[in-house]
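Chemist: Chains as they are written, first to last, in the working numbering: chain A, -4 to 594; chain B, 2 to 291.
The structure is given below, and queries will be raised subsequently.
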């Protein structure tokens, strides 16, 4: 008996008309025509002595690329159960270059031979049972699948061939946690068992001359099977203690063991680049094991009502070994050890001003070696030290206005890659004014900069967001402007390795620029209890290395009928254009007619 | 104002009596609060025993005697606002919720003076998980922001609109479509430093992208040590596959300053992954060719 529930169900039909590059539309929106359950909402309370609340949310069921279902049942303080299912479909078939240019042998590799069309489905179930005031059991199950079609390429005898690669991946995880509470101290023990399976096979859909028809290499058939499994176990113990008022201490340790196994076989027949018959028939296997240890310690101490001390200590160790016997007799080792510490103070300086600041330190040692023939050589060592400082200032100038400034700076010695930062700075300002009668203004400015002193790498991102809105009983209007400016540059002097064409250097200058402007508008008007009108606009303009424009306009009208029934008509148009070429451009019109019932 | 029958001095022994006293002046038992877990706990003797407090208004707001005696004068009770320190607010909440969020004081949120009640409405009646104080959409439906992106993301967007806009890039994680939410990747109650530690930086991503997690005999070192962010912009990007560059060769040459000699014959627009097909890692080829 639902003694107190409210909800909504809305079903209908979507009409879709696409003009232009349908494959690009599939990458972006992928909405198809057909009948749909657009939304189902249920919120029920007072369900009897065993259940306090039940909620159910379903969105876009019946063939949409993104479907979600969330169920939550709970008896406060006794038990809870939740289940979530999300399905998302992904499509990619990007020419990058027009067909006539992609066919040019000089630009053959500038096209992208990879395509995919797959569904990712994720099911998550969680159950928590407090079987005594002090003890609780948590069980979680997660299943994740990725299935569909894709294409990839392989270099066979100095030519590229395009292969079919069906996708059939799965991930299953069981998590069991036990919590016991002594009042001031809580202990959590948790076990995670994970199994991953990848049924990977690559095959030629038919005989092929390869991407370069002028060379001798051909393939009559080719199979490459490499199914893999990964089994992982994670053991975690965690203690949270409040030994005295104002003190909180947390210590956690996890040990992770993971093992990958794969058996592989390759078979192929054709002609090699020398003109001689090509005969591939090899089998082998690969195995990778790693152990990881993770230790975290955190403390916070409220010195008084206006000052707190926070700190943390972390240590991670990762040891991995792998070996393979197929066309190579290979072996590899990765050891990564990281130790980090943080210490900070947070203060309520006055009734209106907060100030915090702290320091970070991190030391990282990486050891790595790999071989494809013979014994493993000496380990290469990379050590990086990181010092950082952060501060944040908040000012509640009045009940209506708040200003917040956050700054971070970091310095890294000997960064790992040529684009890893040796220096990083971040500044963020946020101001908000909440006026009377639902009026607000909000402004955020963020500047990030990274640079690598050794390589000359520089990257900057500037982000500005300005928003305003007004909300009254019958209408809601919000408008915003966002700017995202990104620059990345490096003048890379590239050296060619010894061998064919070796011993040369050439400059590869890189300057990536992206300037994105977004203008969004959202309006809702409800002139009376039976009528709702809404409109959204999102205008997106990207300039720089990849220029494009997109207009996304939406509007809907909803009319309430008698006894909770309603009818809704919605319309959306999307206009996408790229600056350099027009082969990806499309216009889409989407209309949805739906009926619903609200209770 | 409290009348004489509920002034201090009365022998208040139950949570219900305390609530009744407060209700003399404050609207605390509207149609919503009765659904709130905090209200439910008021009547749950087992929970009251567990947390060691007589669960009622005073469990969070503190002793109310001075407040009642002064006829509700400001500063006589913890009001979670006004002159109250954000640290006091956090302490009041974590005195019961320490198990769930023991490290909240060490987060960037706390450092910026953000307290629990800035994101959570502890008196709320809505069905939003965790009593999130998402923007209230009332009865509006259709292409509503909250319905689309979920309560958690809507709450984050209230302060992080600059980040939210990045999901409007032509390539973006499907947050707008409701498939993921901010808290699938970010834990707002945990320090950020942990996820930045080497060898584990990709863990946030491989929760969903498990097929990119390996382990592999031949790892792409940038991914193993620096994480997925070495090549990808996770929120959104104008570029394919959320890459940091539209031109793939520019991305790869940013790090790789030494290549085999025959690479000089490739044009600058070349797709490196047409040959290096297993760029995230390979069990068979150190150059990620298969």
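The beta-carbon is built from N, C-alpha and C at its ideal position, and this holds for glycine as well.
8 angstroms is my cut-off, CB to CB: does residue 3 (chain B) come that close to chain A?
Modeler: Within the second chain, numbered from 1, the residue matching residue 3 (chain B) stands at position 2. Residue placement at residue 3 (chain B) is poorly supported in this model, since its pLDDT is 37, which falls under 50; the coordinates are not used for a value here.
Chemist: Just the C-alpha distance for residue 109 (chain B) and residue 3 (chain A), rounded to the nearest angstrom, thanks.
Modeler: On the second chain, residue 109 (chain B) is found 108 positions in, with the first residue counted as 1. On the first chain, residue 3 (chain A) is found 8 positions in, with the first residue counted as 1. Taking the straight line joining both Cα atoms gives about 38 angstroms.
Chemist: Go ahead and label residue 277 (chain A) buried or exposed: buried means 16 or more other beta carbons lie within 10 angstroms of its beta carbon, across all protein chains shown.
Modeler: Position 282 of the first chain, counting from 1, holds the residue named residue 277 (chain A). Label assigned to residue 277 (chain A): exposed.
Chemist: Which residue wins for smallest C-alpha separation from residue 218 (chain A), given the options A:179, A:259, A:238 and A:225?
Modeler: Here residue 218 (chain A) corresponds to residue number 223 of the first chain, with the count starting at 1. When each option's Cα is compared against that of residue 218 (chain A), the closest is A:259.
Chemist: With DSSP collapsed to three states, give me the class of residue 110 (chain B).
Modeler: Position 109 of the second chain holds residue 110 (chain B). Note: residue 110 (chain B) maps to helix in three-state DSSP.
Chemist: Bridge partners of residue 473 (chain A), per DSSP?
Modeler: Counting from one through the first chain, the residue named residue 473 (chain A) turns up at place 478. Residue 473 (chain A) is bridged by DSSP to A:464 and A:517.
Chemist: For the segment 76 to 108 of chain B, list every residue whose C-beta sits within 7 angstroms of some C-beta in chain A, in sequence order.
Modeler: 84, 86, 87, 88, 89, 92, 95, 99, 100, 103, 104, 106 and 107
Chemist: Across which residues does DSSP place residue 61 (chain A) in a beta bridge pair?
Modeler: In the first chain, residue 61 (chain A) corresponds to position 66, counting from 1. A:83.
Chemist: Just mark residue 494 (chain A) as buried or exposed, buried being the case when its beta carbon has 16 or more other beta carbons within 10 Å.
Modeler: Start at 1 with the first residue of the first chain, and residue 494 (chain A) comes out as number 499. Flag for residue 494 (chain A) reads exposed.
Chemist: Is the beta carbon of residue 38 (chain A) sitting closer than 8 angstroms to the one on residue 77 (chain A)?
Modeler: For this step, residue 38 (chain A) is matched to residue 43 along the first chain. For this step, residue 77 (chain A) is matched to residue 82 along the first chain. Their beta carbons are not under 8 angstroms apart, which means residue 38 (chain A) does not touch residue 77 (chain A) by this criterion.
Chemist: Candidates A:80, A:520 and A:235: which alpha carbon is nearest residue 101 (chain B)'s?
Modeler: Locating residue 101 (chain B) in the second chain gives position 100, where the first residue counts as 1. Per the Cα distances, A:235.
Chemist: With distances taken between CB atoms, is the gap from residue 364 (chain A) to residue 319 (chain A) smaller than 8 angstroms?
Modeler: Translated into positions along the first chain, residue 364 (chain A) becomes position 369. Translated into positions along the first chain, residue 319 (chain A) becomes position 324. For residue 364 (chain A) and residue 319 (chain A), no; Cβs fall outside 8 angstroms.
Chemist: What residues from chain B crowd round residue 108 (chain A), counting only those whose CB sits closer than 8 angstroms?
Modeler: In the first chain, residue 108 (chain A) corresponds to position 113, counting from 1. What residue 108 (chain A) touches in chain B: 272 and 275.
Chemist: Between which two residues does the alpha helix (DSSP H) carrying residue 98 (chain B) extend?
Modeler: In the second chain, residue 98 (chain B) corresponds to position 97, counting from 1. Taken as a continuous stretch (DSSP letters only), the alpha helix (DSSP H) holding residue 98 (chain B) covers 87 to 98.
Chemist: With 8 angstroms as the threshold, decide whether the Cβ of residue 543 (chain A) is near any Cβ in chain B.
Modeler: Counting from 1 along the first chain, the entry for residue 543 (chain A) is found at position 548. With 8 angstroms as the cut-off, residue 543 (chain A) counts as an interface residue toward chain B.
Chemist: So, is the C-beta of residue 164 (chain A) closer than 8 angstroms to a C-beta in chain B?
Modeler: Here residue 164 (chain A) is taken as the residue at index 169 of the first chain, counted from 1. Closer than 8 angstroms to some Cβ of chain B, the Cβ of residue 164 (chain A) qualifies, so yes.
Chemist: So, is the C-beta of residue 494 (chain A) closer than 8 angstroms to a C-beta in chain B?
Modeler: In the first chain, counting from the first residue as 1, residue 494 (chain A) sits at position 499. Chain B contact via Cβ: present.
Chemist: For residue 187 (chain A), name the three-state secondary structure that DSSP assigns.
Modeler: The residue given as residue 187 (chain A) occupies position 192 in the first chain. It is a strand residue.
Chemist: CB-CB under 7 angstroms to residue 90 (chain B), same chain, minus the five flanking residues each way: which ones, in chain order?
Modeler: On the second chain, position 89 is the one that residue 90 (chain B) refers to. Contacts found: 81, 116, 117 and 118.
Chemist: Identify whether residue 141 (chain A) lies in helix, strand or coil by the three-state DSSP scheme.
Modeler: Along the first chain, one-based indexing puts residue 141 (chain A) at 146. Of the three classes helix, strand and coil, the one that applies to residue 141 (chain A) here is strand, per DSSP.
Chemist: Using a Cβ cut-off of 7 angstroms, pull out every chain A residue sitting near residue 189 (chain B), in sequence order please.
Modeler: Walking along the second chain from the start, residue 189 (chain B) turns up at place 188. Within 7 angstroms Cβ-Cβ: nothing; residue 189 (chain B) doesn't reach chain A, min ~15 angstroms.
Chemist: Which partner residues of residue 157 (chain A) appear in the DSSP bridge assignment?
Modeler: In the first chain, the residue the question calls residue 157 (chain A) occupies position 162. Note: residue 157 (chain A) sits in a beta bridge opposite A:148.
Chemist: Taking 6 angstroms as the limit between beta carbons, can you name the residues of its chain near residue 253 (chain B), skipping five residues before and five after?
Modeler: In the second chain, the residue the question calls residue 253 (chain B) occupies position 252. Excluding residues within five positions, the ones whose Cβ falls inside 6 angstroms are 273.
Chemist: Which chain B residues are close to residue 230 (chain A), counting only those with a beta carbon under 8 angstroms from its beta carbon?
Modeler: The sequence position of residue 230 (chain A) within the first chain is 235, counting from 1. The contacting residues do not exist; residue 230 (chain A) stays about 16 angstroms from chain B at best.
Chemist: Give the interface partners of residue 262 (chain B) over in chain A, defined as CB-CB distance under 9 angstroms, in chain order.
Modeler: Along the second chain, one-based indexing puts residue 262 (chain B) at 261. Correct list: 491, 492, 493, 494, 495, 496, 497, 498 and 499.
Chemist: Which value, in whole angstroms, describes the spacing of the CA atoms of residue 145 (chain B) and residue 180 (chain B)?
Modeler: Walking along the second chain from the start, residue 145 (chain B) turns up at place 144. Walking along the second chain from the start, residue 180 (chain B) turns up at place 179. For residue 145 (chain B), the predicted model reports a pLDDT of 45, less than 50, meaning its position is unreliable; a value from the coordinates is still stated below. Straight-line Cα distance between these residues: approximately 15 angstroms.
Chemist: Do the CB positions of residue 216 (chain A) and residue 204 (chain A) come within less than 8 angstroms of each other?
Modeler: By 1-based counting over the first chain, the position of residue 216 (chain A) is 221. By 1-based counting over the first chain, the position of residue 204 (chain A) is 209. Not a contact, by the Cβ cut-off of 8 angstroms.
Chemist: With a cut-off of 8 angstroms, do at least 3 Cβ pairs link the segment 297 to 314 of chain A to the segment 254 to 270 of chain A?
Modeler: no
Chemist: Closest Cβ-Cβ distance between residue 70 (chain B) and chain A: below 8 angstroms?
Modeler: Here the question's residue 70 (chain B) lines up with position 69 in the second chain. Judged by the 8 angstroms Cβ criterion, residue 70 (chain B) is not in contact with chain A.
Chemist: Using a cut-off of 7 angstroms between C-beta atoms, extract the partners of residue 318 (chain A) located in chain B.
Modeler: Here residue 318 (chain A) refers to the residue found at position 323 when the first chain is read from its first residue. Those are 218, listed as they occur along chain B.
Chemist: Starting from residue 265 (chain B), find everything on chain A with Cβ-Cβ shorter than 8 angstroms and list it in chain order.
Modeler: Numbered from its first residue, the second chain carries residue 265 (chain B) at position 264. By Cβ distance, chain A contributes 491, 496, 499 and 501.
Chemist: How many angstroms separate the CA atom of residue 431 (chain A) from the CA atom of residue 395 (chain A)?
Modeler: One-based indexing of the first chain puts residue 431 (chain A) at position 436. One-based indexing of the first chain puts residue 395 (chain A) at position 400. Rounded to whole angstroms, residue 431 (chain A) to residue 395 (chain A) spans 9 angstroms at the Cα level.
Chemist: Residues of chain B with CB under 7 angstroms from residue 389 (chain A), in chain order?
Modeler: What you label residue 389 (chain A) is simply residue 394 of the first chain in a count that begins at 1. Going along chain B in sequence order, the residues near residue 389 (chain A) (Cβ under 7 angstroms) are 113 and 114.
Chemist: Near residue 422 (chain A), what residues of its chain come up, given a Cβ to Cβ distance below 6 angstroms and the 5 sequence neighbours on each side ignored?
Modeler: Taking the first chain and counting its residues from 1, the one referred to as residue 422 (chain A) is at position 427. The answer, listed in chain order, is 402 and 442.
Chemist: Which residues in chain A have a C-beta closer than 9 angstroms to the C-beta of residue 227 (chain B)? List them in chain order.
Modeler: One-based indexing of the second chain puts residue 227 (chain B) at position 226. 410, 411, 412, 414 and 415, listed in chain order.
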